[in-house]
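If you read the protein sequences in the order shown, they are chains A and B.
Okay, so the first sequence: first residue is 1 according to the working numbering, each after it adds one.
Okay, so the second sequence: first residue is 209 according to the working numbering, each after it adds one.
All C-beta atoms, glycine included, are put in the ideal place defined by N, C-alpha and C.
In this text the structure is predicted, and so the values were computed from the model without any measurement.
Protein chains: 2
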Amino acid sequence: MARRRDLKDQQRRLSAATWSVLAEHGLPGLTLRAVAERAGCTTGMVLHAFADKRALLVHARELLHRRTGQRADAAQSAGATPLDALRSVLLQAASETEEKREEARVWIAFLAAALADPALADLHRRYNRSFVERVRGLVAACRPEWSPARCAATATTLVALVEGLNTLAAVDAETYTDDAQRAAIDAALAPVRAPAAMNAAGVAPILR
Amino acid sequence: MARRRDLKDQQRRLSAATWSVLAEHGLPGLTLRAVAERAGCTTGMVLHAFADKRALLVHARELLHRRTGQRADAAQSAGATPLDALRSVLLQAASETEEKREEARVWIAFLAAALADPALADLHRRYNRSFVERVRGLVAACRPEWSPARCAATATTLVALVEGLNTLAAVDAETYTDDAQRAAIDAALAPVRAPAAMNAAGVAPILR
């Protein structure tokens, strides 16, 4: 039992070390040695858990997917209406806290590595598409009268905006402040919000 | 004279080699040796022009800024109206051609490096802000009645959307097709477009 606990403990340490090295030092700083130093173990012990740098990257991307997925699940189920749920899911993905800024840095580092590695690119696409799919489902719940194509187009646009905000805020938090990000997401949600004064086509009716 | 021409020729070769190595192999593949091989010269000759990998990155980012800047100037001056100019500037920045996809890859690679290097991050911020400023000026020309804050917020949102589209299209051109990108940009331009039936506040007037 003690050995199994030790093993789990070591895995947790290596996992946390991988995450924090990537979040702090980016893709150029991610090496087996840096992870070993951060975890307080030998490079051999890192190699026992991760074959190479690519395995470290895959692990960090999976952690990111799990973290953001759990937070999105929570945001989604806390929403009183589909629109509340959609807005919360988008806002939780934007970089308002240090935790989320770390996530944006991991996201960018992984993406940069994926540009040179088809297997990493596959993983990135898969996880990003699952986020687009979540957003698409929420858009459809908000506007059941919209065509599937319109819901899909709205979802890809919203996700592009959120990831663009995240990406830019990672190096320019002064231009891309929390308020700026929230305002951008709210503006992008305007067509989905469907004010009472507008009909399904987004055209204001003539008042009688 | 011959020597000067040789030197210029060599600089051009090194510049093209830096760009194409970064666009093809991303940040992990950018080394002095890879650039030397691509340029058909020795590593020593690369070192004569670029002190280190960071200098290669800075050069590629400056090339990117110049290329996109020239294209944006052309798009802007070809626009018959401020709205045409704004739309063209945003569309030219999105990844519709292989050339622009290359640019997105260079942008991402540089950004990933900038996360671990404050000097690179400064350069990235400066160039990105100059794009935001261009877009802000065009938004203000389209909607002179808007407050400066509203023009600025619209510009940061439009730039975030464009960079998000670029970033996502770089690894998932199937989800982020040219049509999807164009539709997303047009949807985001709707508030700027100011249909004749809406007044300055974006509220449809009651028809009398």
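Check: Taking S228 (chain B) as the reference, which of B:A349, B:R269, B:A396 and B:L299 has the closest Cα?
Finding: B:R269
Next item on the list: Could you name the residues of chain A that L294 (chain B) contacts, counting a contact when the two beta carbons are closer than 8 Å?
Entry: Near L294 (chain B) there are no residues of chain A at all, since even the closest Cβ is about 16 Å away, more than 8 Å.
Next item on the list: Could you check what DSSP says for N352 (chain B) in three-state terms: helix, strand or coil?
Entry: For clarity, residue 352 (chain B) is Pro in the given sequence; the question names Asn instead. In the structure shown, P352 (chain B) sits in coil (DSSP, three-state: anything other than H, G, I, E or B).
Checklist line | Neighbouring residues, chain A, relative to T251 (chain B) (Cβ below 8 Å) | finding: Chain A residues near T251 (chain B): none, gap ~19 Å exceeds 8 Å.
Item checked: Residue closest to L30 (chain A), alpha-carbon to alpha-carbon, out of A:A187, A:F110 and A:L161 -> A:F110
Next item on the list: Tell me whether A404 (chain B) is buried or exposed, calling it buried when 16 or more other Cβ atoms sit within 10 Å of its Cβ.
Entry: Confidence at A404 (chain B) is low in this model, with a pLDDT of 48, below 50, so its placement is unreliable and no value can be given for it.
Notebook entry, point to check: Where do the ends of the alpha helix (DSSP H) carrying D386 (chain B) lie?
Noted result: D386 to R401
Next item on the list: Could you spell out the range, first to last residue, of the alpha helix (DSSP H) harbouring E270 (chain B)?
Entry: K261 to A286
Note to self: Is there a Cβ of chain A sitting closer than 8 Å to that of A408 (chain B), yes or no?
What the structure shows: At A408 (chain B) the pLDDT is 46, less than 50, meaning the model places this residue with poor confidence; the figure from the coordinates comes in the next sentence. No, A408 (chain B) lies away from the interface with chain A (no Cβ there is under 8 Å from its Cβ).
Margin query: Beta-carbon within less than 8 Å of A280 (chain B)'s beta-carbon, same chain only, minus the 5 sequence neighbours each way: which residues are those?
Written below: V297, Q300, A301, F339 and R342
Notebook entry, point to check: Using a C-beta cutoff of 8 Å, does L209 (chain A) count as contacting chain B?
Noted result: Given that chain A is displayed from residue 1 to residue 208, the structure contains no residue 209 (chain A) and the question cannot be resolved.
Item checked: Cβ distance (whole Å) where A395 (chain B) is taken to contact T157 (chain A) below 8 Å -> 6 Å
Margin query: I'd like to know whether the C-beta atoms of R101 (chain A) and G26 (chain A) end up nearer to each other than 8 Å.
Written below: no
Next item on the list: Starting from the C-beta of L63 (chain A), find all residues in its chain whose C-beta is less than 7 Å away, skip the five residues before and the five after it, and write them out in chain order.
Entry: S15 and W19
Next item on the list: Using beta-carbon positions only, say whether A391 (chain B) and Y384 (chain B) come within less than 8 Å of one another.
Entry: no
Item checked: Reduced DSSP category for D325 (chain B) - H, G, I as helix; E, B as strand; rest coil -> coil
Item checked: T251 (chain B), enclosing alpha helix (DSSP H) - first and last residue -> T251 to A257
Check: Of all Cβ atoms in chain B, is any one closer than 8 Å to the Cβ of L91 (chain A)?
Finding: no
Next item on the list: Grab me the residues of L161 (chain A)'s own chain with a C-beta within less than 6 Å of its C-beta, minus the 5 sequence neighbours each way, in chain order.
Entry: A188
Notebook entry, point to check: Got a sec: is the Cβ-Cβ distance from G234 (chain B) to anything in chain A below 8 Å?
Noted result: yes
Check: Quick one: any contact between the region 286-294 of chain B and the region 344-351 of chain B, if contact means 3 or more CB pairs under 8 Å?
Finding: yes
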